[in-house]
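I have placed the structure first, in the form of structure tokens, so that the comments after it can refer back to it.
Protein chains: 2
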Amino acid sequence: VTTPTGILSDRDNLRWANERFYHALESFDLAAMDELWAHEPWVQCIHPGWEALRGWDEVRKSFEEIFASTRWLRVTATAVREVVLGDLGIVSCAEDITLGGGDDVGLAVAHATNLFRRTHAGWRMVHHHASAAPVRVTQPFSGTVQ
Amino acid sequence: VTTPTGILSDRDNLRWANERFYHALESFDLAAMDELWAHEPWVQCIHPGWEALRGWDEVRKSFEEIFASTRWLRVTATAVREVVLGDLGIVSCAEDITLGGGDDVGLAVAHATNLFRRTHAGWRMVHHHASAAPVRVTQPFSGTVQ
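The listed protein sequences derive, respectively, from chains A and B. So the first sequence is residues 251 to 396, counted in the working numbering. So the second sequence is residues 251 to 396, counted in the working numbering.
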């Protein structure tokens, strides 16, 4: 995945940064997270059901933990909406999640608020808040898909 | 509650706008919400356990519903952190919630990401994302406090 900065509009680039986040998440790609996130002490991250994390070091560590404890993960961002206000981009979306850990397959839907800051090198993530959406279908999967 | 704009710093005013939000919520004060929120079609609001709401009309309606169905509500914002990036203010906090509806008292802790946009008339709310925090103590209350 390469970033086509300069070819796309500002808003397209913001949407693209959001896509890169989910791609890095699915790929367990810590180097891509390093590149995408702003390495600031005030960035924040709230994973579904977690305590709020503050500062890039803590946020990075949380991705390391998730990558180490998850067998595989697919996240599809749907209902993506982006708003650009000056140098800040607000992206909200639903996350359709399928993940494997142990012998089970989990399904979940989450809401996400993702904030990006415009820099000379492109949009950098500064905030991720994801939480379980009401239509939750998380369950152990051990039957036949009909 | 009056807004001491001009006396306080930019960041203090942002924190104050956040306080006004929780005060309006506790007071079931729709007029204060009208004043605080930006009346834009792209503002968003995610209440804990709700679907994402989009546009001021939908957001306003949700507060009407909450105010109509809740007997009383106390929300204390703790661990408040604010970041100002250009004309956008990011406030994150924990919400310590006590509420009454029917015969029960509910207790809950939520994480909130609140976004405000700077205008000539002060900070206006454009995004509220609140979700249940892991340390949740929601339970019907029907005993003696010891």
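Even for Gly, the Cβ is constructed at its ideal location relative to N, Cα and C. In this text, all values refer to a predicted model and were calculated from it rather than measured experimentally.
- Proximity to residue 344 of chain A across A/263, A/267, A/356 and A/272 peaks at A/272, based on C-alpha coordinates.
- Between the C-alpha atoms of residue 333 of chain A and residue 368 of chain B there is a straight-line separation of about 15 Å.
- Between the C-alpha atoms of residue 282 of chain B and residue 270 of chain B there is a straight-line separation of about 8 Å.
- In this structure, residue 300 of chain A and residue 298 of chain B do not form a Cβ contact; the two beta carbons are roughly 15 Å apart against a cut-off of 8 Å.
- For residue 354 of chain B, the three-state secondary structure derived from DSSP is strand.
- By the criterion of a C-beta distance shorter than 7 Å, residue 274 of chain A is surrounded in its chain by 282, 283 and 286, once the five residues flanking it on both sides are discounted.
- Of all alpha-carbon atoms in B/347, B/378 and B/331, the one lying nearest the alpha-carbon of residue 341 of chain B is that of B/331.
- Residues of chain B whose Cβ lies closer than 7 Å to the Cβ of residue 302 of chain A are, in chain order, 342 and 361.
- Within the stretch 256-319 of chain A, the runs of alpha helix (DSSP H) at least 4 residues long that lie entirely inside it are, in chain order, 260-276, 280-286 and 306-319.
- Between the alpha carbons of residue 356 of chain B and residue 279 of chain B lies a distance of about 21 Å.
- For the stretch 289-316 of chain A, the residues whose beta carbon sits under 8 Å from a beta carbon of chain B are, in order, 292, 294, 296, 298, 299, 300, 301, 302 and 304.
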